[in-house]
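Before any comments, here is the structure.
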Amino acid sequence: YVERLITKARHIEIQIVGDGKDVVHLGERECSLQRRRQKLVEIAPSPTLSEGLRKQLTDAAVKLAKEASYDNIGTFEFLVDEADQSFAFMETNARLQVEHTVTEEITGVDLVKTQLRIATGKTLSAIGLGIVPEPRGYAIQLRINMESMNADGEALPSGGTLTAYQAPSGPGIRVDGFGYTGYTSSPHYDSLLAKLIAYSPSTDYQDAVKRAQRALDEFFIDGVKTNIPLHQNLLRIPTFASNDVYTTFIADHTAALTKDSARRSRYAASKETGAVVAPSVQATGPDGTRPLSAHLQGRVVSIDVSEGDSVAPGQQIAVLESMKMEHIVSAETGGIVREMAAKPDDTVFEGAPLLFIEERDVGMSESAAAAAVDLDYIRPDLEEVIERHAIGLDERRPDAVARRRGRNQRTARENIDDLCDPDSFIEYGALVLAAQRRRRSMEDLIKMSP
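Residue numbers are given in the numbering used here: position 212 of the sequence shown equals residue 310, and the series is strictly consecutive.
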């Protein structure tokens, strides 16, 4: 299928509540400010959505929910094309969203309580939602994550122990968080540390923006890096205040958002603050060695060398998993591996040593040398992927093909070959295995799953 490209899209979602028969909406949320498709800022209601488009979006969401006899709270999400104000449905999230807070602020409806009451069989009229409540004012939610952003727009997770955690307070300020002084982060969980919500009952959106700016300046977190400086820079970009934003806005303004400006603050900080404290790690190895350290916080997926191995500059040494992605760790220098400091499944913080290398002049590794001289060289990991895909092809499944022939039927791949131009069909999920890992070995699953 083909999808229309929306080059400057806004992400608008509608909050829905249904009891299985009736459905109401609780307005929209502007979720256009994202990094790598992950929301960072949510606003309710959208300050720049026209009444006509707002009605079209809410009507569409309610219609979809009614057709499904929706019985829960949920979010119906759309992309809006700024050029012609058209919109496209993306998805439904049949659950409580992280950003439900801003809807609660402008409507006064407790969505957590509402969800539980709907689950017990209460009707909309019984819980006071027979009529859609009118929103009042504006609310902005800022996701405070334990991460920083580099000049390339890449989010780098941070970790350690909080040496200070002082949340802002006052009228219109709400903080939903779990941080406290002494808390040690874990890469097994999302980087979200707190949600800062600024609400103003005023009809002027700028009042909510200013309240959010002041709250950010009062939020004092020390011991781990956070994205508070990024939020401070973001809220002071003029187009934020005018809500001239879109889904790639942060990527397009990375330079302005990551500039090293002086941190604005409205709190008293001692001279001792500012150090990143992490659980103790083995910082020194054998004499004459230097550590190869993790460049980010994460879980060790694999260590690809052993003690005594020779490693060449640029050689893959380990793989770390962080923020649902795998990152390769390469040797910065050549030498001999003298001691291991981490093993697979270990959790490591940024800067923690993975192993210690005795520096020596070591020639290029065999795989690197082969890749350098042979343009047709296939890396071992890529070769494994190609082989895994090949297992699912008809020529590798003679028994399955024979069964189809016995029923005078064609295979799915034969149909695809006749229907599609060569190399035009894109296949997803070719490496999916049967969910029987407790009963069968990986080798058996690879053989039987196709």
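Glycine included, each C-beta is placed from N, C-alpha and C at the ideal position.
Cut-off 8 Å between Cβ atoms - residues of its own chain near residue i, not counting five sequence neighbours on either side
| i | result |
| --- | --- |
| A353 | A249 |
| P442 | V398, V399, S400, I401 |
| H425 | H393, L394, G396, V417, L418, E419 |
| A488 | R494 |
| S148 | Q183 |
Cβ separation of residue i and residue j, assumed to be a contact under 8 Å, to the nearest whole Å
| i | j | result |
| --- | --- | --- |
| S408 | V460 | 5 Å |
| Q113 | L124 | 4 Å |
| G118 | S167 | 5 Å |
| M438 | L418 | Contact doesn't hold; Cβ gap of about 15 Å is too wide. |
| L356 | R436 | Note on residue identity: the sequence assigns Thr, not Leu, to residue 356. Their Cβ separation, rounded to whole angstroms, is 37 Å, which puts T356 and R436 out of contact at 8 Å. |
| I141 | V200 | 7 Å |
| G277 | A253 | Contact doesn't hold; Cβ gap of about 19 Å is too wide. |
| Y55 | P145 | Absent from the model: residue 55. The displayed extent of the chain is 99 to 548, so no value can be given. |
beta-carbon residue i near the ligand SAM non-hydrogen atom, thresh 7 Å
| i | result |
| --- | --- |
| P478 | Here there are no bound small molecules, and the ligand SAM is not part of this structure. |
Residue span of the alpha helix (DSSP H) that contains residue i, given as start and end
| i | result |
| --- | --- |
| Y297 | Run containing Y297: none in the alpha helix (DSSP H); it sits in the beta strand (DSSP E), 290–298. |
| Y303 | 303–316 |
| R152 | 149–165 |
| L243 | Note on residue identity: the sequence assigns Asn, not Leu, to residue 243. Not the alpha helix (DSSP H): N243 falls in the beta strand (DSSP E), residues 236–243. |
| D274 | It is not in any alpha helix (DSSP H) - D274 instead sits in the beta strand (DSSP E) that spans 271–275. |
| A349 | 347–350 |
| I216 | 209–217 |
| T337 | 336–339 |
First through last residue of the beta strand (DSSP E) which encompasses residue i
| i | result |
| --- | --- |
| I401 | 396–401 |
| R133 | 121–133 |
| K137 | 136–142 |
| F187 | 185–191 |
| R108 | 107–117 |
| D179 | 169–179 |
| L452 | 451–457 |
| V435 | 433–438 |
| A416 | 414–420 |
Rounded straight-line distance, which links the Cα of residue j to that of residue i
| i | j | result |
| --- | --- | --- |
| R272 | L314 | 12 Å |
| V100 | T509 | 25 Å |
| L138 | I238 | 11 Å |
| Q136 | L543 | 34 Å |
| E541 | I216 | 46 Å |
| V446 | M247 | 20 Å |
| S267 | A306 | 14 Å |
| R537 | I484 | 26 Å |
| I326 | G258 | 17 Å |
| T105 | I348 | 14 Å |
| E126 | T156 | 8 Å |
| C518 | F187 | 27 Å |
| L290 | L390 | 28 Å |
| A533 | D444 | 25 Å |
| A296 | K164 | 33 Å |
| R458 | G432 | 6 Å |
| V210 | S284 | 26 Å |
| G270 | E482 | 56 Å |
| I110 | S340 | 16 Å |
| R152 | K220 | 28 Å |
| L473 | A429 | 23 Å |
| D521 | K323 | 46 Å |
| K161 | A224 | 22 Å |
| I434 | P384 | 12 Å |
| P143 | E512 | 51 Å |
| Q264 | P299 | 25 Å |
| I524 | D497 | 25 Å |
| R133 | T346 | 8 Å |
| A500 | D515 | 18 Å |
| T261 | G321 | 5 Å |
| Y236 | E197 | 14 Å |
| G504 | L531 | 26 Å |
| I171 | T279 | 35 Å |
| E245 | T382 | 27 Å |
| G206 | N331 | 30 Å |
| G527 | P336 | 44 Å |
Sequence-distant residues of its chain with Cβ nearer than 7 Å to residue i (five each side left out)
| i | result |
| --- | --- |
| H329 | L240, L314 |
| G150 | none |
| E180 | K106, R108, Y344 |
| V122 | V115, L222, L227, V230 |
Beta-carbon proximity list for residue i, same chain, < 6 Å, skipping 5 on both sides
| i | result |
| --- | --- |
| L529 | R486 |
| Q311 | L333 |
| Q195 | T173 |
| P377 | Residue confidence for P377 is low, a pLDDT of 47 falling below 50, so the modelled location carries little weight; the figure read from the coordinates is stated next. The answer is none, since no qualifying residue turns up. |
| G449 | S391 |
| I319 | Y263 |
| D492 | V499, T509, R511 |
| D120 | L222 |
Residue-level contact to chain D via CB, residue i, 8 Å cutoff
| i | result |
| --- | --- |
| L480 | In the structure shown, chain D does not exist; there is a single protein chain. |
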